[in-house]
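Line order of the protein sequences matches chains S and Y. Residues 10 to 535 (the numbering used here) are what the first sequence spells out, left to right. Residues 37 to 469 (the numbering used here) are what the second sequence spells out, left to right.
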Amino acid sequence: MNQSTIGTDQPYAIEMRNITKVFPGIVANDNITLQLRRGEIHALLGENGAGKSTLMSILFGLYQPEKGEILKDGRPVRINDPNDANALGIGMVHQHFKLVEVFSVLDNIILGTEPSTLGVVRKKEARKRVMELSKSYGLNIDPDALVEDITVGMQQRTEILKMLYRENDILIFDEPTAVLTPQEISELMNIIRGLAKEGKSILFISHKLNEIMELADRCTVLRKGKYVGTVNISETTKEQLSEMMVGRGVKFSVDKADASPAETVLSVEHLSVRSRLHKKLAVKDVSLQVRAGEIVCIAGIDGNGQSEFVSALTGLEKAESGRILLNGEDITKKNIRYRNSHGFSHIPEDRHKHGLVLDYTLEQNMVLQRYFEPRFQKHGFIRFDEIRTYAEDLIDRYDVRSGQGPVTVARSMSGGNQQKAILARELDRDHRLLIAAQPTRGLDVGAIEFVHEQIVASRDAGRGVLLISFELEEVMNLSDRILVMYEGEITGELDPKTTTIQELGLYMAGAKRQKATVKTEGGEQL
Amino acid sequence: MTSAKERRNEKSKTPFLRRDGVRSVIASLICILGGLVVGLIVLVILAVFNENIPVGEAFRGVFTLLSGPFSAGNLNDALFQAGNMFFQATPLIMTGLSVALAFKTGLFNIGAPGQYLMGAMGSLLVALSIPSTVVPAWIIWILALLTGIILGALWGCIPGFFKAKFNVNEVIVCIMTNWIAANIVSWVFFAADDLFINYDETKVNFIRKTATNGISTWTLGLDKVFGGSYMDISIFLACIIAVALYILINKTTFGYELRACGFNKNASRYAGMNEKRNIVLSMAIAGALAACGAAFWCLNGAQDFKWDTYQTLPADGFNGIPAALLASNNPIGVIFSAIFLKYLGVGGSNMAALTSFNEYVSPLIVAVIIYFAGASKLIKDILARRKVTVENTKDTRYAPEPVPSADPPKIEMLSAEEDRPPQEPAEERRDEE
């Protein structure tokens, strides 16, 4: 019954007052205040690099702020490390889960707080409590499965149970939906609502406006390390939130003229690729064409062969059979450097694994495929001045923000700016075909808008664009032609102007397929 | 657009103590100091528990150790010890460079002892089998050095090849190639027997000195200057190689590729670099460097090479690892770290000779210092983390532009808090049943 009021008459469950945190070259949090009421779902919204993660890390004891104080139930507290945070009932589900892969779900949940007699864990007792919690909050888990074997969704539920087992009542979710499928997302939202109903206070970090509108009670917005405001969700709109977040109005649709496709740039003929993981064919007999001046999108749910297809196209993996033609030249057997220097630009799916050398500086990353060109080297010696000039030019033109400019270590940059750096590098190279694999993954609305504009500009400059995306809205907004990939095959070709999201969804789920048009040479439907 | 000159000015504006290089040096010095303090504690404990040693002796012991060759007593002895120190540091510089280069490419070259042995074998075989009455000695010297280097490079290729081709961990292959090399070397010299083995001085486990064939490294009179020590010009050659390696790693496209592969193999591949070739090349150069160190040592002319190595591996091969770590893998730093390690070695033997502590204590203290050296990265990070203040961020050239509306944070922008419907009573809780 004591949960019945959550007004200002009660002290805040957590109050972070005037927090300032400084990193070399950047003020990550500048005088930020966050007030979390008991039993509410409070969203924390901001662009990449706005300071959300820093603020949460301070609350979780990973960083110490230079200025400001934290109050729990109205009393000032000091949080020196995550153990302090845990003692205060603060729990966090990190974006990348902190689970022991080879331990069972149960072991992971009780790890660190296991009940024991003389060093022997009382597992039966622990199991009973975990199963009770699991049942009462609707968190379906298999306590004996190893974490490495279970789905991402169940891993997340394990993390939530970990917090509940520790009797945390302030639960932080750091971009919890980034790794989930649509079904898992709606399930998670129900779980979070249930937790709030039980009196838990929820901090929900996200830059996805739709989710915040659906789930949260209130929302605090940060921009470039500064506090912008706190609003009631019931009294605001998606547009207003995005304007608070970005500082200007954001277009959710892409402005682009009709495509005027010209000659064929890329032609793929009967390409099959074997998966590295399970050794079966991940791409089966795929044929498609991309022409200059059009954006062709390969739509599909993650794991239907898109990654393998792009890898074979760019030369990262060997093709099992089939041919790849670039401007009519067979490049199936050519190496990556040849493809890069003969017209391929590639925005890779995983920017940390492939896109950047994270320990290199920004300027070193800007010439990753070009350091050997005469402009940047002389007799094998690198011309540092040229690289600096070039990097500064790119940073300027593509508005890449970082702590120390060209000499910033890439690892220290925010995800959005890392992606901008890759985009700048790939678009500035002399290319005929841009392969963009999930170019907006993990980006906020402002950055997505920028990436989309750049991709359209590349198309309008007469380049062919092959876009790989899992986001239905992106597919519909950006592409001139949609090819759906399902279980390694192209199962349909759709025109974004005439098709609907629902229809596209049916193709992606494999419920529908065009037998006749699978092998079309593409384009006649336009 | 900033010109190169402006940038240089900018660099000089960075406070001296905040510069990366300066921090590395300070971190290394702190580590050494920490090691010495622990060493002192060990000596004090020994003195306390041994009634024959007064506690004050501990301080004399550390002082002797720290003084290196200077604790020798007289000038001639000090010069003699210093000369030998420089000579012995030469192979250590080379193995240190070997390990450092491999580290830069993300590889742990624990195979330096094996590469060292192959280099020693190659150079000795050439230096002792071509009579200097037929071919001029200096030509044989160069041929011997090159043979050693080539053998070492080939030996280094093996772990590199297995890593690149089959993704076998280089540490495992390195350790195995070490012992294979040790046995090959023993076997070859055993088979060749009296062609190479020195029976003259009633020793049986040693190869003839190359001086017996008239092959010895030029000394330019340095051996005489340094009190009749083994000192020769190889230390200077090693320094030149270190500088060249520094330039190779930091200033060339090849070095750019090697480091990119070391940091992120996948991104290097994505960028079109041949990361497998780079792994093999990096290990080959590492092997060549270690072997070159061995050749420098053997070709001095007056050294006894112990040929039945199948039981032990050369310590200088392994000690390249601490030499590289102490220098944070900086090739120029390796020169100093290697000399420093040998400096402590000389001090250690002086400590055993001149104080009440026996010869087992000094390696222990040297080991403690090396152990602390492993923490230099940690100390450097702590130095970097310290004193990051708001004032530090004044250089806003690239910092995000300030938010236009600079109004102070409005806490509770909305006043209509009370209007919010109270949350439902928590009567639905399932655990009531």
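Positions of the beta carbon are idealized from the N, C-alpha and C atoms, including for glycine.
Handout entry: Residue from S:Val86, S:Gly83, S:Val161, S:Gly121 with nearest C-alpha to His103 (chain S)
Key = Residue nearest to His103 (chain S) within the set S:Val86, S:Gly83, S:Val161, S:Gly121 is S:Val161 (criterion: CA-CA distance).
Handout entry: Cβ neighbour criterion (16 or more within 10 Å) applied to Val170 (chain Y)
Key = Exposed.
Handout entry: Through-space distance from Ala430 (chain S) to Leu371 (chain S), alpha-carbon basis
Key = Going from the Cα of Leu371 (chain S) to the Cα of Ala430 (chain S) covers about 8 Å.
Problem - Glu480 (chain S): first and last residue of the uninterrupted beta strand (DSSP E) it sits in - result: Premise fails: Glu480 (chain S) is in no beta strand (DSSP E) and is neither H nor E.
Handout entry: Reference Gln298 (chain S); option with closest CA among S:Leu97, S:Val156, S:Ser276, S:Ala266
Key = Taking only the C-alpha atoms, the option nearest Gln298 (chain S) is S:Ser276.
Problem - Within chain Y, partners of Ile391 (chain S) - CB distance below 9 Å - result: Here the neighbours are Asn286, Lys287, Thr288, Thr289, Gly291, Tyr292.
Problem - Opposing strand residues paired with His51 (chain S) [DSSP bridges] - result: In DSSP, His51 (chain S) forms a bridge with S:Leu212, S:Arg227.
Handout entry: Meets three-Cβ-pair contact criterion under 8 Å: the region 450-457 of chain S and the region 53-71 of chain S
Key = With the rule of 3 Cβ pairs closer than 8 Å, the region 450-457 of chain S counts as touching the region 53-71 of chain S.
Practice task
Say whether chain B places a C-beta atom closer than 9 Å to the C-beta of Gly57 (chain Y).
Solution key: No chain B appears in the structure shown, which is made up of the protein chains S and Y.
Exercise for the section: Please confirm whether Val282 (chain S) and Ala321 (chain S) have their CB atoms less than 9 Å apart. Expected result: A contact, by the Cβ cut-off of 9 Å.
Exercise for the section: Rounded to whole angstroms, what's the CA-CA distance from Glu460 (chain Y) to Val237 (chain S)? Just pull it up for me. Expected result: For Glu460 (chain Y), the predicted structure reports a pLDDT of 39, less than 50, and the residue's modelled location is therefore unreliable. The matter cannot be settled from this model.
Practice task
Using three-state DSSP, classify Asn40 (chain S) as helix, strand or coil.
Solution key: Three-state DSSP puts Asn40 (chain S) in a strand.
Problem - Unbroken stretches of the beta strand (DSSP E), 3 residues or longer, contained in the region 117-177 of chain S - result: You should have found no qualifying run.
Handout entry: Min CB distance Ala323 (chain S) to chain Y below 9 Å
Key = It should be noted that the sequence gives Thr, not Ala, for residue 323 (chain S). Chain Y contact via Cβ: present.
Exercise for the section: Any chance you could list the beta strand (DSSP E) runs of at least 3 consecutive residues sitting entirely within the region 286-337 of chain S, in chain order? Expected result: Counting only runs of 3+ residues, the beta strand (DSSP E) found wholly inside the region 286-337 of chain S occupies 290-300, 304-308, 330-335, in chain order.
Exercise for the section: State yes or no: is the C-beta of Gly192 (chain Y) within less than 9 Å of the C-beta of Asn145 (chain Y)? Expected result: Cβ atoms of Gly192 (chain Y) and Asn145 (chain Y): closer than 9 Å.
Exercise for the section: Indicate whether at least one CB of chain S lies closer than 9 Å to the CB of Ala360 (chain Y). Expected result: When Cβ-Cβ separations below 9 Å define contact, Ala360 (chain Y) makes no contact with chain S.
Problem - Element boundaries [alpha helix (DSSP H), containing Val61 (chain Y)] - result: From DSSP, the alpha helix (DSSP H) with Val61 (chain Y) extends over 56-85.
Problem - CB contact check: Tyr495 (chain S) to chain Y, cutoff 9 Å - result: No, because no Cβ of chain Y sits closer than 9 Å to the Cβ of Tyr495 (chain S).
Problem - From S:Ile118, S:Met65, S:Lys343, residue whose alpha carbon lies closest to that of Arg166 (chain S) - result: When each option's Cα is compared against that of Arg166 (chain S), the closest is S:Ile118.
Practice task
Might you give, ordered along the chain, the residues of its own chain that have their beta carbon closer than 7 Å to the beta carbon of Lys423 (chain Y), omitting 5 neighbours on each side?
Solution key: Since pLDDT at Lys423 (chain Y) reaches only 45, below the 50 mark, its modelled position is unreliable, and the value read off the structure follows with that caveat. Correct list: empty, nothing qualifies.
Problem - Sequence-distant residues of the same chain with beta carbon closer than 8 Å to Val224 (chain Y), five excluded per side - result: Only residues of its own chain outside the window of five on either side were considered, and among them Met157, Leu161 have a CB closer than 8 Å to the CB of Val224 (chain Y), listed in chain order.
Practice task
Determine the burial state of His600 (chain S): buried for a count of at least 16 other Cβ atoms within 10 Å of its Cβ, exposed for fewer.
Solution key: No statement about residue 600 (chain S) is possible, as the shown extent of chain S runs from 10 to 535 and does not include it.
Problem - Segment limits, beta strand (DSSP E) that includes Ser5 (chain S) - result: The requested residue 5 (chain S) does not occur in the structure, where chain S is confined to residues 10 to 535.
Practice task
Please list, in chain order, all residues of the same chain as Ile88 (chain S) whose beta carbon is under 8 Å from its beta carbon, the five residues on each side excluded.
Solution key: Ile67, Leu68, Phe69, Gly70, Ile79, Ala94, Leu97, Ile99.
Handout entry: Extent of the continuous alpha helix (DSSP H) to which Thr100 (chain Y) belongs
Key = Its alpha helix (DSSP H) spans residues 92-103.
Practice task
Kindly list the residues whose CB is nearer than 8 Å to the CB of Ile345 (chain S), restricted to its own chain and excluding five residues on each side of it in sequence; keep chain order.
Solution key: The residues are Thr323, Gly324, Leu325.
Problem - Coarse secondary structure for Gly155 (chain Y), derived from DSSP in three states - result: In the three-state scheme derived from DSSP, where H, G and I count as helix and E and B as strand, Gly155 (chain Y) is classed as helix.
Practice task
Provide the residue(s) that pair with Asp339 (chain S) in DSSP beta bridges, ordered along the chain.
Solution key: Per DSSP, S:Leu334.
Problem - Outcome for Pro436 (chain Y) when other beta-carbon atoms lying within 10 angstroms are tallied against a minimum of 16 - result: With a pLDDT of only 40 at Pro436 (chain Y), under the threshold of 50, the placement of this residue in the model should not be trusted; the figure read from the coordinates follows. Flag for Pro436 (chain Y) reads buried.
Exercise for the section: Give the DSSP-derived three-state secondary structure of Met25 (chain S) in the structure shown. Expected result: Met25 (chain S) sits in a strand when the DSSP states are folded into three classes.
Problem - Leu133 (chain Y), DSSP secondary structure in three states - result: In the structure shown, Leu133 (chain Y) sits in a helix (DSSP, three-state: H, G or I).
Handout entry: Min CB distance Pro383 (chain S) to chain Y below 9 Å
Key = Put simply, the CB of Pro383 (chain S) is far from chain Y, with every gap to its CB atoms at 9 Å or more.
Exercise for the section: Pair every Cβ in the region 322-332 of chain Y with every Cβ in the region 197-208 of chain Y, then say whether three or more of these pairs are closer than 8 Å. Expected result: Cβ pair count under 8 Å is below three, so no.
Practice task
Inspect the beta-carbon positions of Lys171 (chain S) and Leu120 (chain S) and report whether they are closer than 9 Å.
Solution key: Contact: yes.
Exercise for the section: Consider the Cβ of Ile23 (chain S): report whether some Cβ of chain Y lies at a distance smaller than 9 Å. Expected result: By this cut-off, Ile23 (chain S) is not an interface position.
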